[in-house]
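Notes follow the structure.
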Amino acid sequence: DGGITQSPKYLFRKEGQNVTLSCEQNLNHDAMYWYRQDPGQGLRLIYYSQIVNDFQKGDIAEGYSVSREKKESFPLTVTSAQKNPTAFYLCASSIYGVSYNEQFFGPGTRLTVL
Amino acid sequence: AQKITQTQPGMFVQEKEAVTLDCTYDTSDQSYGLFWYKQPSSGEMIFLIYQGSYDEQNATEGRYSLNFQKARKSANLVISASQLGDSAMYFCAMREGRGNYGQNFVFGPGTRLSVLP
Numbered sequence: 198d199g200g201i202t203q204s205p206k207y208l209f210r211k212e213g214q215n216v217t218l219s220c221e222q223n224l225n226h227d228a229m230y231w232y233r234q235d236p237g238q239g240l241r242l243i244y245y246s247q248i249v250n251d252f253q254k255g256d257i258a259e260g261y262s263v264s265r266e267k268k269e270s271f272p273l274t275v276t277s278a279q280k281n282p283t284a285f286y287l288c289a290s291s292i293y294g295v296s297y298n299e300q301f302f303g304p305g306t307r308l309t310v311l
Numbered sequence: 049a050q051k052i053t054q055t056q057p058g059m060f061v062q063e064k065e066a067v068t069l070d071c072t073y074d075t076s077d078q079s080y081g082l083f084w085y086k087q088p089s090s091g092e093m094i095f096l097i098y099q100g101s102y103d104e105q106n107a108t109e110g111r112y113s114l115n116f117q118k119a120r121k122s123a124n125l126v127i128s129a130s131q132l133g134d135s136a137m138y139f140c141a142m143r144e145g146r147g148n149y150g151q152n153f154v155f156g157p158g159t160r161l162s163v164l165p
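Laid out in structure tokens, this is it:
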């Protein structure tokens, strides 16, 4: 079955630690995205990537980093510079280049900083 | 400026009744797409329905329909015959342009729908 997987589902981190969230897709999509969602709020774009080895900052990129070495994978690192990282993180992918293709989402990772 | 506005933070509807969730958008592009997603308490985002800016007919998908009024820049979601399982957050989103730009989706703040038995 094609889809997007995110791991882990729940993640706990101590203050000052970096942590990496995994996102893998087998939909053969070029574009991948990372969003942050705080309780009761909408989605805010952290980073997006249109093709391998290329990515762009979204609205709230400070304190986060990404890589796109493979088409299927778009890991997100939450660094110690992110002052308030506790949130729900969603990864998504879509076909590149046309406006009518929806985004497909992974199940999300809930990050808690202790 | 907000590109997607959802003015109803929360809505209640009686089971089996219809409900309309409002969405207005702002864009200067001629080509864009509008999407609705459902997010249950589990957190997953479920795609519901799509409307293209050039589509002349309102989109429908089962119990979901989109009331698209281009001149007013509104794309309201109508859910007919509400079910208890429809209780969730609903997000309106827009994707502008095509080709090498406009690859981003912009999401509204969401509306929490509660279906009452």
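Chains S and H supply the protein sequences, listed in that same order.
Numbers given in our numbering equal positions in the first sequence, counted from 1, plus 197.
Numbers given in our numbering equal positions in the second sequence, counted from 1, plus 48.
Note that beta-carbon positions come from the ideal geometry of N, C-alpha and C, so glycine has one too.
All of these numbers come straight from a predicted model, not from anything done at the bench.
- Distance from the Cα of H/R143 is smallest, within the candidate group H/L164, H/T55 and H/Q78, for H/Q78.
- Residue pairing for S/E299: DSSP places it in no beta bridge.
- Assignment of H/D77 by DSSP, reduced to helix, strand and coil, places it in the coil class.
- Cα atoms of H/Y85 and H/Y102: separation of roughly 21 Å, rounded to the nearest angstrom.
- Collapsing the DSSP output to three states places H/L132 in a helix.
- In terms of beta-carbon proximity, H/P157 lines the interface with chain S, with at least one pair separated by less than 7 Å.
- Residues E259 and G260 of the same chain have their beta carbon placed closer than 8 Å to that of S/A278, with the five preceding and five following residues left out of the count.
- Beta-bridge pairing by DSSP links S/K267 to S/S270.
- Of the residues assessed, H/L132 falls on the exposed side of the cut-off, its CB having fewer than 16 other CB atoms within 10 angstroms.
- Listed along chain H, the residues sitting closer than 7 Å to S/Q300 by beta-carbon distance are F153.
- S/D256 is positioned such that its CB atom lies no closer than 7 Å to that of S/L273.
- When secondary structure is reduced to three states using DSSP, H/Y85 falls in the strand class.
- Taking a cut-off of 8 Å on C-beta distances, the region 199 to 214 of chain S does not touch the region 120 to 134 of chain H, as fewer than three cross pairs fall below it.
- Residues of the region 110 to 121 of chain H with a C-beta atom less than 8 Å from some C-beta of chain S do not occur.
- Rounded to the nearest whole angstrom, the CA to CA distance from H/Y98 to H/S113 is 9 Å.
- Within the region 80 to 101 of chain H, those residues whose Cβ lies closer than 7 Å to any Cβ of chain S are, in chain order, Y80, G81, F83, G91, E92, M93, F95, Y98 and G100.
- Contact of S/F285 with chain H by beta-carbon distance below 7 Å involves G91.
- Look at S/V216 here: in three-state DSSP terms it is strand.
- Excluding five sequence positions before and after S/Q247, the CB atoms of its chain that fall closer than 8 Å to its own CB belong to D227, A228, Q253 and Y293, given in chain order.
- In the three-state reduction of the DSSP assignment, S/I257 falls in the coil class, being assigned neither a helical nor a strand state.
- A distance below 6 Å between beta-carbons, with the five flanking residues on each side excluded, links S/T309 to the following residues of its chain, in chain order: F209 and T283.
- At least one CB of chain H lies nearer than 7 Å to the CB of S/P304.
- Look at the beta carbons and you see the region 50 to 61 of chain H touching the region 155 to 162 of chain H: at least three pairs across the two are nearer than 8 Å.
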